[in-house]
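Anchor point for the sequence shown: position 84 equals 89 in the numbering used here, and the numbering is continuous, going up by one each time. The C-beta atom is built at its ideal place from N, Cα and C for all residues, glycine as well. Here the structure comes first, spelled out in structure tokens, and everything after it is commentary.
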Amino acid sequence: MTIEENVTALLAELPLGVELVAAAKTRTAMEILEAYRAGIKIIGENYVQEAERSYKAVGNKVKWHFIGHLQKNKVNKAVAIFDMIETIDSAELAHEIDKRCQEIRKIMPVLIEINSGREKQKTGVLPENAEELIRGIASLTNLSVQGLMTMGPFSGNPEDARPYFIVTKKLFDEIASLNIENVTMRYLSMGMTNSYMVALEEGANMVRIGTKIFGER
Ligand SMILES: *Cc1c(COP(=O)(O)O)cnc(C)c1O
């Protein structure tokens with residue numbers, strides 16, 4: 006199967022209103038362009054340096070989502086490229102993004118990354134700390150909180166991911182019901198190649214898919 010065939014099949018399969026993020030870590034600009042020509046509108050990148058390379062070749066034909074762990078010293082470069090940062094998990098990171106966006110007069114849509122599996126070594130904020138984090142950064146004028154993102158613990162079996170998606174969707178609904186000013190719960194980003202169908206069943210409206218589009222890494 007070619008990238009084009011993979012994208013065509015996926016786009017035909019996803020329900021209306023679900024955003025498809027093509028997770029492009031380790032992929033070349035050529036591969037990204039092939040995905041774009043087949044209908045991909047959003048590219049997900051994990052590393053700022055890799056994204057800079059691809060961005061030079063691909064430009065603003067696509068939207069760029071940051072889906073990796075963002076280090077503070079890379080924020081300056083990241084805000085120049087990305088249209089959304091999906092992995093906010095600390096007030097410190099949010100403040101740095103706000104500051105750098107202020108300098109270039111940009112309002113950055115962001116998602117809050119939830120550590121739904123409560124994994125010690127993992128990034129993301131614990132579900133019970135999400136509300137406090139969101140209230141703390143809601144007043145940042147160059148940031149626009151638009152939803153939640155989660156990975157969940159890795160497992161070969163997609164069913165294993167279901168409880169983590171359920172926890173995140175519940176939190177998504179709870180935070181939406183708080184009606185916090187400058188915060189919308191519009192996007193729920195969860196599900197990857199092996200788990201996106203389960204994620205969709207549990208309420209995801211944004212899925213991040215790499216392998217099923219580009220092949221094995
Ligand atoms: C790599 C990656 C994906 C996609 O993973 P696949 O299993 O290749 O579909 C999704 N989200 C994040 C954060 C990733 O790093």
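Where residue i sits in the DSSP three-state scheme
i, result
"Tyr192", "strand"
"Pro158", "coil"
"Lys2", "Any property of residue 2 remains undetermined from this structure, which presents the chain solely from 6 to 222."
"Lys30", "coil"
"Lys111", "coil"
"His70", "strand"
"Leu183", "coil"
"Leu145", "coil"
"Glu91", "strand"
"Leu38", "helix"
"Glu18", "helix"
"Gly44", "coil"
"Leu75", "coil"
"Val23", "coil"
"Glu118", "strand"
"Gly152", "strand"
Any non-hydrogen atom of ligand 1 within 7 Å of residue i CB
i, result
"Met6", "no"
"Lys217", "yes"
"Lys127", "no"
"Arg140", "no"
"Met156", "yes"
"Ile47", "no"
"Arg32", "no"
"Gly220", "no"
"Asn199", "yes"
"Gly73", "yes"
"Asn120", "no"
"Asp123", "The question names Asp, yet the displayed sequence has Arg at residue 123. Flag unset: Cβ of Arg123 not near ligand 1."
"Ile37", "no"
Rounded C-alpha distance that separates residue i from residue j
i, j, result
"Ser149", "Thr33", "30 Å"
"Glu91", "Val26", "11 Å"
"Ile142", "Met6", "44 Å"
"His3", "Leu145", "Residue 3 is absent from the structure shown; the chain starts at 6 and stops at 222."
"Asn210", "Glu108", "32 Å"
"Glu133", "Val188", "17 Å"
"Met202", "Pro20", "11 Å"
"Ala181", "Glu57", "34 Å"
"Glu179", "Tyr60", "36 Å"
"Leu138", "Glu124", "18 Å"
"Ile72", "Gly49", "6 Å"
"Leu98", "Glu164", "32 Å"
"Val80", "Cys106", "9 Å"
Proximal residues to residue i (C-beta, below 6 Å), its chain only, five neighbours per side dropped
i, result
"Lys174", "Glu207, Gly208"
"Ser121", "Thr155, Gly157, Tyr169, Val172, Thr173"
"Ile45", "Val12, Ala27"
"Asn162", "none"
"Val23", "Asn210"
7 Å Cβ shell around residue i - same chain, five flanking residues per side excluded
i, result
"Ile8", "Glu36, Glu39, Ala40, Ala43, Ile218, Phe219"
"His74", "Thr92, Thr128"
"Thr198", "Ile214, Gly215, Thr216, Lys217"
"Asp103", "Leu145, Asn147, Leu148"
"Lys82", "Val53, Glu57"
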